[in-house]
């Protein structure tokens, strides 16, 4: 007899209960606290804040807990929450040369003012599973001071004294950037809009697209001019005061890629730049973003647009994990009607 | 009961106003895709966020809402969206097409004819009918601007050359008001004729692609065809096994593992009404 998918309401309720149970796991094992997630899964928290476009470690930790550690699901939760928040004001532009640095490396100069600061990184570890972490790990303390005091100049600014790297002056009248969370993406998109899109873009997607530029799908000859990770004060200017006041600190990772450029009719040979910025400690993301940003400038720099990484419609329309994950997974929804139509068609074609 | 933690229909009033403006523009230019600032909704993109935002912007406390997916009120996503609006608006909901003032749908148009006091909101995955032929949006917008739809005609012609008939069965392209080529959303082409001169307002929301478009009441909606290959809809040899209808869209249901099949109406309200009607008659 005909078994329709009746009782959808009850099935959904049961599914919610099973989900809650699966998320919690064995009740005999102590539950994760948000503080534990924030402290011990900090890189996951940073990714969720970056792609979720909200700097709030508590909310990101909550999202991760609710999503059972699935970053893309956690990013979705945070974005959906973000969409309901009112706009109270806009911060002043951040001057990243004023960052209090935890880490700062350059692959272009052996030594430079401010020095190379390795900071906390997996880069120089041997990727051997550390079985001592199976139990509880001993307390660590590092004798070196944690953060560098005082401003450290950015490497691109050092190169600039010689005029070897392109400069970017704000456009005439310094127009407000478009806000992708309020207005739809339109093509062609200017660089500020593209950078917003990439900043919210999926790390895996940007990594793969950035990687493709290193394997011959566009030639941008990148050097990691500088990667810096540290804390920076955020300021707003309340209308009633008329001057800037700090409202808190945020951790940021910034990447300045420096790329060879042979010059064009109007520009002398010089280095061009690709830019990446992410919340928290997100070097892979900010480096991939900088590669893709530079590749997307092909048209502006008079380069031939041939590779996917250079095509803004291709990159910007597919970078968002919410859009991609939602649409790929919507294939789970019933498609009885369309499938029925196709079934009839295939029968007709085969019979014909 | 409405959950008072959220604004009526979830969206804040300024967002609703932005969406209503897009809807007004869409109604003024039938079939034209209006870009809008689609918000991240608490349901995933591709799962009806465009339709939900349109519904949220036009729904009022006195509306009676019906939500269907594949023609049925009890498919999981329809249930989820109906619950979302019950929770955020507290409005009455119904499964009866005739009782609803607002119907949100995915992939079907109800079999029961609509009236002037009703709004039909479609969930749209891909609003651009030309996307599969030309993925660059900068190009397709230009083609719409110039009403340059030769590419689509060539595609349909190639179908005929290859198969002897047009091999598009759902999301079958239409021309609205004699001007804009429009994707009717993935409804079966069986439903296309219902869009033509429909007394109800038809609104289309594509959340992921951030577009809204509309077919105002009593607007011409023409399915693309050629003089020697007129537009045709699907027909079944069987009648609905539950209500006996020969005029409705039928879903094929696998009944056993030996090739057993039966056909039933995809529109559950239509089918149910016919079944209870025949019982009363008997």
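Chains as they are written, first to last, in my numbering: chain A, 1 to 352; chain B, 353 to 634.
In this text, a Cβ means the ideal position worked out from N, Cα and C, and glycines have one as well.
Using a Cβ-Cβ cut-off of 8 Å (strictly less than) and excluding sequence neighbours within five positions of residue 112/A, which residues of its own chain qualify?
106, 155, 158, listed in sequence order.
CB contact check: residue 345/A to chain B, cutoff 8 Å
yes
Curious, which full-length alpha helix (DSSP H) runs of at least 4 residues does the segment 13-94 of chain A contain?
List check, alpha helix (DSSP H) in window: 34-40, 42-52, 57-66, 71-82.
Which residue from 103/A, 208/A, 108/A, 257/A puts its Cα closest to that of residue 123/A?
The candidate whose alpha carbon is nearest that of residue 123/A is 103/A.
Proximity test, Cβ basis, 8 Å: residue 183/A and chain B
yes
Candidates 414/B, 453/B, 412/B, 404/B, of which the one nearest residue 434/B by Cα
404/B
Taking the CB atoms as reference points, tell me whether residue 263/A and residue 269/A lie closer together than 8 Å.
yes
According to DSSP, which residues form a beta bridge with residue 556/B?
474/B, 565/B
Proximal residues of chain A, C-beta to C-beta of residue 562/B below 8 Å:
184, 185
What does the alpha-carbon distance come out to for the pair residue 51/A and residue 509/B?
44 Å
Which first and last residues belong to the alpha helix (DSSP H) in which residue 515/B is found?
That run of the alpha helix (DSSP H) goes 502-515.
Using 8 Å as the Cβ pair cut-off and three pairs as the minimum, do the segment 61-78 of chain A and the segment 272-292 of chain A touch?
no
Going straight from the alpha carbon of residue 110/A to that of residue 225/A, what length do you get?
For residue 110/A and residue 225/A, the gap between their C-alpha atoms comes out near 11 Å.
Looking at the unbroken beta strand (DSSP E) that takes in residue 418/B, where does it start and where does it end?
416-421
So with CB distances below 9 Å, who are the chain A contacts of residue 618/B?
336, 337, 340
Run through chain A and tell me which residues come within less than 7 Å of residue 388/B, C-beta to C-beta.
184
Whose CA, out of 505/B, 362/B, 426/B, 425/B, lies closest to the CA of residue 401/B?
362/B
What did DSSP end up calling residue 433/B once you bin it into helix, strand or coil?
helix
Cα-Cα separation, residue 2/A to residue 581/B:
Since pLDDT at residue 2/A reaches only 40, below the 50 mark, its modelled position is unreliable, and no value is offered.
For residue 29/A and residue 606/B, the rounded distance between their alpha carbons
Approximately 45 Å between the Cα atoms of the pair.
Would you tell me roughly how many angstroms separate the C-alpha atoms of residue 255/A and residue 530/B, rounded to the nearest one?
52 Å
Counting Cβ pairs closer than 8 Å, one from the segment 216-232 of chain A and one from the segment 294-302 of chain A, do we hit at least three?
yes
Considering only their Cβ atoms, is the gap separating residue 354/B from residue 442/B smaller than 8 Å?
yes
Would you kindly work out how many angstroms separate the C-alpha atoms of residue 627/B and residue 602/B, rounded to a whole number?
15 Å
Distance cutoff 8 Å, beta carbons only. Does residue 459/B sit that close to anything in chain A?
yes
Quick one: grab the DSSP three-state call for residue 440/B.
helix
If the cut-off is 9 Å on Cβ atoms, which residues from the segment 412-431 of chain B count as contacting chain A, listed in chain order?
421, 422, 423, 424, 425, 426, 427, 428, 429, 430, 431
Please state whether DSSP places residue 538/B in a helix, a strand or coil.
coil
Residue 293/A CB to nearest heavy atom of the ligand ATP below 7 Å
The ligand ATP is absent from the structure shown, which contains no ligands of any kind.
Using a C-beta to C-beta distance shorter than 7 Å, which residues of chain B count as neighbours of residue 8/A?
426, 427, 428, 431
What did DSSP end up calling residue 464/B once you bin it into helix, strand or coil?
coil
For residue 591/B, three-class secondary structure by DSSP
Three-state result, residue 591/B: coil.
Compare the Cα-Cα distances from residue 228/A to each of 181/A, 282/A, 55/A, 352/A and report the closest residue.
282/A
Measure the CB-CB distance between residue 619/B and residue 387/B and report whether it falls below 8 Å.
no
Output the distance between the C-alpha atoms of residue 488/B and residue 187/A, rounded to the nearest integer angstrom.
Whole-angstrom Cα-Cα distance: 9 Å.
With DSSP as the reference, label residue 160/A as helix, strand or coil.
helix
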